[in-house]
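In terms of numbering that gives the first Met the number 0, the sequence shown opens at residue 0 and continues consecutively.
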Amino acid sequence: MPELTRRRALTTAAALAATAGAAGLVAPAASAAPATGHQHGSPESFDEVYKGRRIQGRPSGMGGHHHEHGGGWSVFVDGVELHVMRNADGSWISVVSHYDPVPTPRAAARAAVDELQGAPLLPFPAN
0 MPELTRRRAL TTAAALAATA GAAGLVAPAA SAAPATGHQH GSPESFDEVY KGRRIQGRPS
60 GMGGHHHEHG GGWSVFVDGV ELHVMRNADG SWISVVSHYD PVPTPRAAAR AAVDELQGAP
120 LLPFPAN
């Protein structure tokens, strides 16, 4: 059996510390994924009544269209499409609450309902 030297002990300790550090970097990323199986940062579909208004959101399936700013999402307030856009930092804005970024399309729909204060959402003309 080889003799334990100071150099070998320090090398082994450094290797164990590096392994533990690498495991610590990988483990939080794995635990950050939601248990629902969705990718981290990927919004979920929704259909709910918020402050008496029906809000809905789902992937639009038009991800390749060059004029699309909604990040592949369709959002509706009382059946009328709410134009949403995903910012470069991952936040979302809508045509109603353009200067108030929010974390998800659901939050954009809720912010629009708050801003509308009971007024109907008018269709946004698409170019």
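Just so you know, even glycine gets a beta-carbon here, dropped at the ideal spot from N, CA and C. Treat the numbers as computed from the prediction; the structure is a model and nothing was measured.
Residue i, DSSP secondary structure in three states
i, result
"LEU81", "strand"
"VAL94", "coil"
"SER59", "coil"
"GLY51", "coil"
"ASP113", "helix"
"VAL101", "strand"
Exposure of residue i, with buried meaning 16 or more beta-carbon neighbours within 10 Å
i, result
"HIS97", "exposed"
"ALA87", "exposed"
"SER41", "exposed"
"LEU120", "buried"
"VAL83", "buried"
"VAL175", "Lying outside 0 to 126, the shown extent of the chain, residue 175 is not represented and no answer is given."
Under 8 Å between C-beta atoms of residue i and residue j
i, j, result
"VAL74", "ALA106", "no"
"GLY56", "PRO104", "yes"
"ASP77", "ARG109", "no"
Residues bridged to residue i (per DSSP)
i, result
"ASP88", "According to DSSP, ASP88 bridges with nothing at all."
**OP:** Could you tell me whether the stretch 42-49 touches the stretch 115-122, where touching means 3 or more Cβ pairs closer than 8 Å?
**Re:** no
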